[in-house]
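Peer 1:
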Amino acid sequence: MRTKLQYFTKNENQYIMKREYGFALIISLALAAFAGAGIWIKEMAMFWIFGILSVLSLISVWSKQVIIDLDRKEIIVKMGLIGKPFPIPFQDFQNFELVRLKQYLLTTNTSLNIYYLKDGKEKCAMIAQGFTSKAMQNLANEIDEIIHGDEHSGEIQSGKNC
2 MRTKLQYFTK
12 NENQYIMKRE
22 YGFALIISLA
32 LAAFAGAGIW
42 IKEMAMFWIF
52 GILSVLSLIS
62 VWSKQVIIDL
72 DRKEIIVKMG
82 LIGKPFPIPF
92 QDFQNFELVR
102 LKQYLLTTNT
112 SLNIYYLKDG
122 KEKCAMIAQG
132 FTSKAMQNLA
142 NEIDEIIHGD
152 EHSGEIQSGK
162 NC
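Using my numbering, read the sequence shown as starting at 2 and increasing by one per residue.
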């Protein structure tokens, strides 16, 4: 396993994903610009709607949480303002999906989703979003290294079957 983590901080046997401010900050600033335009064109409803959305977007950055707990062997995900944290046991993990949205040949959003089983049904949760697929791929690789990093460590087996 790599010694320097780019997207997580280690706290004993838990890995806590660092907050990513870039994407949310750009969205919040765009919404604030629309609120400012509402003042400029003297449309107070536009100001209040986009102003509130801008503030909620900023607050959502601090409420988002992804924790990999190696002791309990689960990934704990909390997305959105009102969503509660939910665990995804390692054995229920299926795969990652990298989704890239393009508009007129420009990538506008890239998200990393995790697929898992819950009560026999496949579910999906967003882990992170940004602008580049390379960053999301690196994040998926780091999560994989954390989850599977200690599987190959330990004693060297010797005997007939090796």
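Virtual Cβ for every residue (Gly too), placed ideally from N, Cα, C.
#1: Assign SER159 to one of three DSSP states: helix, strand, or coil.
#2: Cα-Cα, which of GLN92, LYS79 and LYS5 is closest to GLY121?
#3: Could you tell me which residues DSSP pairs with GLY131 in its beta bridges?
#4: What is the residue span of the alpha helix (DSSP H) that LEU57 lies within?
#5: Report the three-state DSSP secondary structure of GLU21 (helix, strand or coil).
#6: Check ILE68 in the structure and name its three-state DSSP category.
#7: In terms of alpha-carbon separation, which member of GLY52, ILE28 and ALA25 lies closest to ALA38?
#8: Tell me, which residues are paired with ASN12 by DSSP?
#9: With C-beta atoms as the reference, is ILE17 less than 8 Å away from ILE68?
#10: Determine the direct distance from the alpha carbon of ALA141 to that of GLN130, and round the result to whole angstroms.
#11: Quick one: using the 10 Å Cβ neighbour count with 16 as the cut-off for buried, is SER58 buried or exposed?
#12: Give the DSSP-derived three-state secondary structure of GLN99 in the structure shown.
Peer 2: If we stick to the structure as given:
#1: Low local confidence applies: a pLDDT of 36 at SER159 is under 50, so the model's placement there is unreliable, and no value is given.
#2: Nearest C-alpha to GLY121: GLN92.
#3: Answer is THR111, bridged to GLY131.
#4: That run of the alpha helix (DSSP H) goes 45-64.
#5: If DSSP states are grouped into helix, strand and coil, GLU21 belongs with coil.
#6: Three-state result, ILE68: strand.
#7: Measuring from the Cα of ALA38, the nearest candidate turns out to be GLY52.
#8: When DSSP reads this structure, ASN12 sits in a beta bridge with GLN15.
#9: Closer than 8 Å, so yes.
#10: Taking the straight line joining both Cα atoms gives about 12 Å.
#11: It is buried - the Cβ of SER58 has at least 16 other Cβ atoms within 10 Å.
#12: One detail in the question is off: residue 99 reads as Leu in this sequence, not Gln. DSSP places LEU99 within a strand segment (E or B) once states are collapsed to three.
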